[in-house]
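A short write-up of the structure that comes next.
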Amino acid sequence: MIPADPTTAVLAYAALYTGHHIGDYLLQSDHQALTKGRCGHAGRMACTRHVLVLTVAQALALVLVLGATGTAVSPWAVPAGLAINAVTHWWADRRATLRGLVLATEPMTHKTTYYDNGGAERMDQAWHVAWMIPAALAIAAPAPLALAVAAASAVVLAAAGAASRRALAAEAPA
């Protein structure tokens, strides 16, 4: 299989990172920030609108960076990379999901107290920044590899989701 292009991966990561900060800080509304983690339809919709705006910001940054550098990418690669970023961003921004993952990994990381006492935003951002790596690799890859990276990302996210649900269920009062 043809590998991802390293230069394109770096350029894509830079664009995703910049677009992330624009979408997560400059363009996210107060309503989205305050509501996206709530249970129910209103929370899911606020999170969806936030991730849509964030993804548009990242797509525009990608168009600018890749266009200005004359970097060609597979037409399947950009949607695959943006989807990896969008789905993982939405997952973490629902709040309880990421907290559940923190609970699930507590025996290894000892981060629950940190998360619950002001560290949630930093751990949220660490999650987002980490997922920009497979997103950038997918964007820099030929279509078959981009789709394989997206599929592997879905498997990892599903495992994180399962671990989160188990940990939250174990924490719930009986």
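Read in the numbering used here, the sequence shown has 152 at position 165, and its numbers run on one by one without any break.
Here a beta-carbon is modelled for each residue, glycine too, at the ideal position from N, C-alpha and C.
**Study point:** Nearest-angstrom Cα separation, counted from glycine 54 out to histidine 97
**Key:** Translated into the one-based positions of the sequence shown, residue 97 becomes position 110. Translated into the one-based positions of the sequence shown, residue 54 becomes position 67. Their backbone Cα atoms lie some 44 Å apart in a straight line.
Review point. Are the CB atoms of alanine 159 and alanine 67 nearer to each other than 8 Å?
Key: Position 172 of the sequence shown holds residue 159. Position 80 of the sequence shown holds residue 67. It is not a contact, given that the beta carbons lie outside the stated cut-off.
Exercise for review: Mind checking which residues open and close the alpha helix (DSSP H) that includes glutamine 112?
Suggested key: Walking along the sequence shown from the start, residue 112 turns up at place 125. Where glutamine 112 is concerned, the enclosing alpha helix (DSSP H) stretches over 107 to 126.
Check your understanding: Skipping 5 residues on each side, what residues in its chain have a beta carbon closer than 8 Å to that of valine 209?
Key -> Because the chain in this structure spans residues -12 to 161, residue 209 falls outside the shown range and cannot be described.
Review point. Roughly how many angstroms lie between the CA atoms of alanine 127 and serine 151, to the nearest whole one?
Key: Numbered from 1 along the sequence shown, position 140 holds the residue referred to as residue 127. Numbered from 1 along the sequence shown, position 164 holds the residue referred to as residue 151. When rounded, the distance between both Cα atoms is 30 Å.
Review point. Helix, strand or coil: which one does DSSP assign to cysteine 26?
Key: Taking the first residue of the sequence shown as 1, we reach residue 26 at position 39. Reduced to three states, the DSSP call for cysteine 26 is coil.
Point to revise | Per-residue DSSP class, three states only, for serine 151 | key: Within the sequence shown, numbered from 1, the residue matching residue 151 stands at position 164. Note: serine 151 maps to helix in three-state DSSP.
Practice item. Could you check the C-alpha separation between alanine 125 and leucine 21 for me, to the nearest Å? Key: Taking the first residue of the sequence shown as position 1, residue 125 is located at position 138. Taking the first residue of the sequence shown as position 1, residue 21 is located at position 34. Distance between the alpha carbons of alanine 125 and leucine 21: 31 Å.
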